[in-house]
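Structure record follows, encoded as structure tokens.
There are 2 protein chains.
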Amino acid sequence: MNISTSRAEERLVHVPLGERAYDILIGPDMISHAGGEITARLKGRRAAIVTDEHVAPLYLESLMDSLQTDGIEAVSLTLPAGEKTKSLEHLATVCDLALSARIERNDAIIALGGGVIGDLAGFAAGIVRRGVRFVQIPTSLLAQVDSSVGGKTGINTRHGKNLLGVFHQPDLVISDTSALNSLSKREFRAGYAEVAKYGLIDRPDFFEWLEANWQDVFAGGAARTEAIAVSCQAKAEVVVADERENGRRALLNLGHTFGHALEAATQYDSSRLVHGEGVAIGMALAHRFSARLNLASPDDAQRVERHLSAVGLPTKISQIPGELPPTDVLLDAIAQDKKVKSGKLTFILTHGIGQSFIADDVPVSEVKSFLEETRSE
Amino acid sequence: MNISTSRAEERLVHVPLGERAYDILIGPDMISHAGGEITARLKGRRAAIVTDEHVAPLYLESLMDSLQTDGIEAVSLTLPAGEKTKSLEHLATVCDLALSARIERNDAIIALGGGVIGDLAGFAAGIVRRGVRFVQIPTSLLAQVDSSVGGKTGINTRHGKNLLGVFHQPDLVISDTSALNSLSKREFRAGYAEVAKYGLIDRPDFFEWLEANWQDVFAGGAARTEAIAVSCQAKAEVVVADERENGRRALLNLGHTFGHALEAATQYDSSRLVHGEGVAIGMALAHRFSARLNLASPDDAQRVERHLSAVGLPTKISQIPGELPPTDVLLDAIAQDKKVKSGKLTFILTHGIGQSFIADDVPVSEVKSFLEETRSE
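Right under this line is the structure:
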């Protein structure tokens with residue numbers, strides 16, 4: 001069966017990573033026929049599903065039914081929702097589940113949920129028996145366009161986020177676009193920031209398309225599927241060129257150096273700022289900063305802000321509710337971000353819409369005076 | 001500086017794994033100049049050393065001095081000796097040490113000890129920041145010829161041995177042959193079983209050389225260095241051909257299917273049986289079993305037994321002190337060994353000395369009657 005032609009609204013993005021190549025299936029109501037997609041690609045007939053208490057009531061039964069119909073024996077584990085679940089303790093629980101269920105190398109751990117569940121379950125899949133099969137069923141827009149492509153997995157420690165993990169590519173990603181209907185508008189917008197990012201990195205036409213069609217993407221249907229497929233394709237191309245993150249992959253951090261510092265400055269309090277909002281502000285700042293350094297036209301920076309504002313995303317530091325720490329503390333957070341190498345500040349800057357590049361020698365003094373100026377705007 | 005020519009008794013084995021290629025340095029008193037070897041190859045100038053309470057009093061100070069002399073800032077962690085240290089709890093402690101010491105991707109975790117320390121520290125090196133540099137300084141013969149080559153790392157869980165781990169190749173292995181002088185004769189012999197294994201797999205000339213020179217290998221000096229270098233070379237060739245253990249690498253399990261079952265049957269009680277002794281008995285059984293199946297000449301099986309007995313290794317199940325469980329329980333242990341795929345029994349069998357091969361359809365009934373017969377001999 002050729003999936004891409006048999007169901008009109010479905011899209012297939014192939015990620016050509018040699019012996020780690022895999023497919024991303026994107027379309028409506030995919031969860032209800034996940035079993036068939038898995039048996040068509042994986043040899044094992046056992047699975048351990050990891051999900052969270054928000055997602056389980058919505059989709060777990062449908063997934064279990066589909067697996068059973070196709071002869072896959074599955075167990076499931078429902079964890080608390082939220083970033084704190086990315087802990088060593090929960091990792092141990094997932095591994096124990098998989099080993100108790102006798103998951104072997106050809107069997108799968110299935111992540112049903114957002115980025116937190118994907119990062120945790122993917123890490124477990126990377127270490128159980130030194131690597132078992134991994135199927136991602138991302139249920140947030142952020143996870144569908146970002147964390148489900150690229151093979152990064154991880155948990156947090158007392159030292160910071162994602163400090164323990166492995167690179168472990170999924171064997172299949174099933175992105176059910178209907179599942180996004182249950183997201184709050186704020187969650188959807190936060191994921192959309194990453195969609196816009198792919199346009200800003202190196203796809204000016206896609207950014208223009210988003211400016212014209214973003215309302216359809218939010219509404220669902222073919223435009224949503226298209227936006228997710230282009231995003232996955234864009235991320236896949238970068239990952240294929242640089243699987244282990246030594247070079248070009250850093251472009252994916254557009255907006256993230258400022259964004260992470262702002263997330264840290266709000267103590268990761270999601271009532272004040274979620275990741276995608278930090279990235280939206282970070283992308284706006286990266287474009288303004290590039291204009292200030294005479295690398296890009298101020299018109300492009302304004303165009304970015306206009307679009308992000310139109311969809312309802314923040315673009316200025318001052319839009320973050322509550323007090324923020326002094327600029328020196330923000331600078332420290334930027335310097336401690338793991339993208340810093342040997343003390344130099346690395347930023348993703350831009351020559352304009354869709355023309356971003358890696359700058360690895362940005363003077364701290366420039367960043368400081370820019371932050372001083374921009375935070376009060 | 002070309003190491004292999006500047007110091008007469010040193011040998012260098014290169015493991016050509018593409019961008020994961022690394023060197024194994026073998027020779028006397030290597031620990032005391034480890035710092036220079038590390039700075040010659042690694043960019044980072046920080047290190048976290050993991051060792052155990054048996055090894056620390058002997059070599060930790062010498063290693064720390066050498067690192068300091070060469071400008072490497074090092075912290076160390078001394079763990080309890082023994083298999084129980086391969087736990088999730090100790091893994092967490094090692095990762096915490098590395099993160100507290102601000103080990104970054106180019107810095108190293110150094111394993112100073114035997115296989116337990118290497119497996120644990122290597123696992124940590126594979127997951128801290130999704131992979132930092134890893135230097136092995138194996139201090140047992142078993143670790144020098146087996147676990148330090150191949151990139152397998154891992155810990156044990158309540159379900160069994162090595163069930164969690166990653167493939168993470170070292171960046172450098174420093175095998176100090178003088179360190180083996182502190183091993184008990186029993187420990188040395190157990191490591192020697194793996195040396196002999198490489199001859200039996202596919203190097204008949206090496207096996208013949210060992211028959212003539214084993215006493216010099218035990219005594220130390222050039223023959224010991226030679227035996228370790230040939231063993232590393234042999235294992236490296238198999239690993240390079242099959243890094244992720246999908247095919248040919250299974251040859252390294254010669255003697256291990258029977259051996260693991262016997263280890264399990266003695267509840268891993270090292271006063272009764274250590275791993276190398278299990279492997280020695282397992283190799284003798286694999287040769288006898290092959291002769292019984294008319295695959296090899298009984299003369300070869302006798303020759304294997306004669307050599308292993310000469311060095312003081314056991315070759316018969318009846319040499320294991322204490323009661324053993326019934327044959328059915330041994331068979332169950334063989335069937336649960338992770339080399340079993342979909343219920344078929346996979347064994348490494350042989351057509352003679354140095355002519356081993358993978359047999360993946362060995363009838364359970366044949367194994368059972370062979371075990372019944374052989375256990376009383």
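For the record, the sequence lines run as chains Z and U.
The first sequence begins at 1 in full-length UniProt numbering and counts up by one.
The second sequence begins at 1 in full-length UniProt numbering and counts up by one.
Backbone N, C-alpha and C fix where the C-beta goes; we use that ideal spot for every residue, glycine too.
The structure presented is a predicted model; accordingly, all values stated were derived computationally and were not measured.
Chain-ordered chain Z contacts of residue 335 of chain U [CB-CB under 9 Å] | The premise fails here: residue 335 of chain U is roughly 13 Å from chain Z at the closest Cβ pair, so nothing lies under 9 Å.
Could you tell me the distance, in whole angstroms, from the CA atom of residue 83 of chain U to the CA atom of residue 359 of chain Z?
-> Straight-line measurement puts the Cα of residue 359 of chain Z at about 48 Å from the Cα of residue 83 of chain U.
Taking all protein chains shown into account, do 16 or more other C-beta atoms lie within 10 angstroms of the C-beta of residue 212 of chain U, making it buried, or fewer, making it exposed?
-> Label assigned to residue 212 of chain U: exposed.
Proximal residues to residue 157 of chain U (C-beta, below 8 Å), its chain only, five neighbours per side dropped | For residue 157 of chain U, the CB contacts under 8 Å within the same chain, skipping 5 residues up- and downstream, are 88, 163, 164 in chain order.
Report yes if the CB atom of residue 26 of chain Z is closer than 9 Å to the CB atom of residue 14 of chain Z, and no otherwise.
-> The Cβ atoms of residue 26 of chain Z and residue 14 of chain Z do not sit closer than 9 Å to each other.
DSSP three-state assignment for residue 315 of chain Z, whether helix, strand or coil | In the structure shown, the three-state DSSP call for residue 315 of chain Z is coil.
Which residue's Cα is closest to the Cα of residue 73 of chain Z: Z:237, Z:52, Z:110?
-> The residue among Z:237, Z:52, Z:110 with its C-alpha nearest the C-alpha of residue 73 of chain Z is Z:110.
How many angstroms separate the CA atom of residue 189 of chain U from the CA atom of residue 32 of chain U?
-> So the alpha carbons of these two residues sit roughly 26 Å apart.
DSSP puts residue 176 of chain U in a beta bridge; with which residues?
-> In the DSSP assignment, residue 176 of chain U is bridged to U:27.
Among U:51, U:232, U:281, U:107, nearest to residue 43 of chain U - alpha-carbon criterion = Answer by Cα proximity: U:107.
Please name the residue in Z:153, Z:198, Z:228, Z:66 whose C-alpha comes closest to that of residue 122 of chain Z.
-> Selected option, being the one with the closest Cα: Z:153.
Hey, quick one: how far does the beta strand (DSSP E) through residue 52 of chain U stretch, first residue to last?
-> Run containing residue 52 of chain U: 46 to 52, per the beta strand (DSSP E) assignment.
Alpha-carbon to alpha-carbon, residue 193 of chain U and residue 280 of chain U = Within the model, the alpha-carbon separation for residue 280 of chain U versus residue 193 of chain U is close to 6 Å.
Indicate whether residue 350 of chain U and residue 296 of chain U have their beta-carbon atoms separated by less than 9 Å.
-> Between residue 350 of chain U and residue 296 of chain U, the gap from beta carbon to beta carbon is short of 9 Å.
How many angstroms separate the CA atom of residue 48 of chain Z from the CA atom of residue 181 of chain Z?
-> Rounded to whole angstroms, the separation of the alpha carbons of residue 181 of chain Z and residue 48 of chain Z is 25 Å.
Residue 50 of chain Z burial status per 10 Å Cβ neighbour count (16 or more: buried) | With 16 or more other Cβ atoms within 10 Å, it is buried.
Would you please verify whether the beta carbon of residue 92 of chain U is less than 9 Å from any beta carbon of chain Z?
-> The beta-carbon of residue 92 of chain U is placed less than 9 Å from the nearest beta-carbon of chain Z.
Is it the case that the Cβ atoms of residue 76 of chain Z and residue 113 of chain Z are separated by a distance below 9 Å?
-> In this structure, residue 113 of chain Z does not lie closer than 9 Å to residue 76 of chain Z by Cβ.
Using DSSP bridges, identify the partner residues of residue 136 of chain U.
-> Answer by DSSP bridge pairing, in chain order: U:111, U:173.
Below-9 Å beta-carbon distance, residue 379 of chain Z vs any chain U residue | This structure cannot settle anything about residue 379 of chain Z, because the visible part of chain Z is limited to 1 through 377.
Can you name, in chain order, every residue of its own chain whose Cβ lies under 7 Å from the Cβ of residue 206 of chain U, other than the five neighbours on each side?
-> Once the five neighbours on either side are set aside, the close Cβ partners of residue 206 of chain U are 198, 199, 230.
Whether residue 415 of chain Z touches residue 312 of chain Z by CB criterion (9 Å) | One cannot answer for residue 415 of chain Z here, as it falls past the ends of chain Z, which runs 1 to 377.
To which residues of the same chain is residue 274 of chain Z closer than 6 Å at the C-beta, ignoring the five residues directly before and after it?
-> Counting only Cβ-Cβ distances below 6 Å, and skipping sequence neighbours, we find 190.
For residue 11 of chain Z, which residues does DSSP report across the bridge?
-> According to DSSP, residue 11 of chain Z shares a beta bridge with Z:26.
Can a CB atom of chain U be found closer than 9 Å to the CB of residue 131 of chain Z?
-> Interface residue, yes.
Looking at the structure shown, is residue 273 of chain U part of a helix, part of a strand, or coil, going by DSSP?
-> Three-state result, residue 273 of chain U: coil.
Within the 9 Å Cβ cut-off, does residue 134 of chain Z reach chain U?
-> So, not an interface residue.
Would you mind reading off the limits of the beta strand (DSSP E) that contains residue 206 of chain U?
-> Unbroken run through residue 206 of chain U is the alpha helix (DSSP H), 204 to 219; no beta strand (DSSP E).
Extent of the continuous alpha helix (DSSP H) to which residue 228 of chain U belongs | Residue 228 of chain U -> alpha helix (DSSP H) spans 222 to 241.
Using beta-carbon positions only, say whether residue 362 of chain U and residue 346 of chain U come within less than 9 Å of one another.
-> Closer than 9 Å, so yes.
Can you name the start and end residues of the beta strand (DSSP E) that residue 104 of chain U belongs to?
-> Segment: none, residue 104 of chain U is in no beta strand (DSSP E) and carries neither H nor E.
Can the beta-carbon of residue 172 of chain U be found less than 9 Å from the beta-carbon of residue 22 of chain U?
-> Taking 9 Å as the cut-off, the Cβ atoms of residue 172 of chain U and residue 22 of chain U count as close.
Compute the Euclidean distance between the alpha carbons of residue 304 of chain Z and residue 286 of chain Z, then round it to the nearest angstrom.
-> If you take the alpha carbons of residue 304 of chain Z and residue 286 of chain Z, they lie about 10 Å apart.
Extent of the continuous beta strand (DSSP E) to which residue 73 of chain U belongs = Start and end: 73 to 79.
Listed in chain order, which residues of the stretch 14 to 46 of chain Z have Cβ atoms closer than 8 Å to some Cβ of chain U?
-> Near chain U, meaning a CB-to-CB distance below 8 Å, no residue of the stretch 14 to 46 of chain Z qualifies.
Span of the beta strand (DSSP E) around residue 370 of chain Z | Here residue 370 of chain Z belongs to no beta strand (DSSP E); instead the alpha helix (DSSP H) covers 364 to 374.
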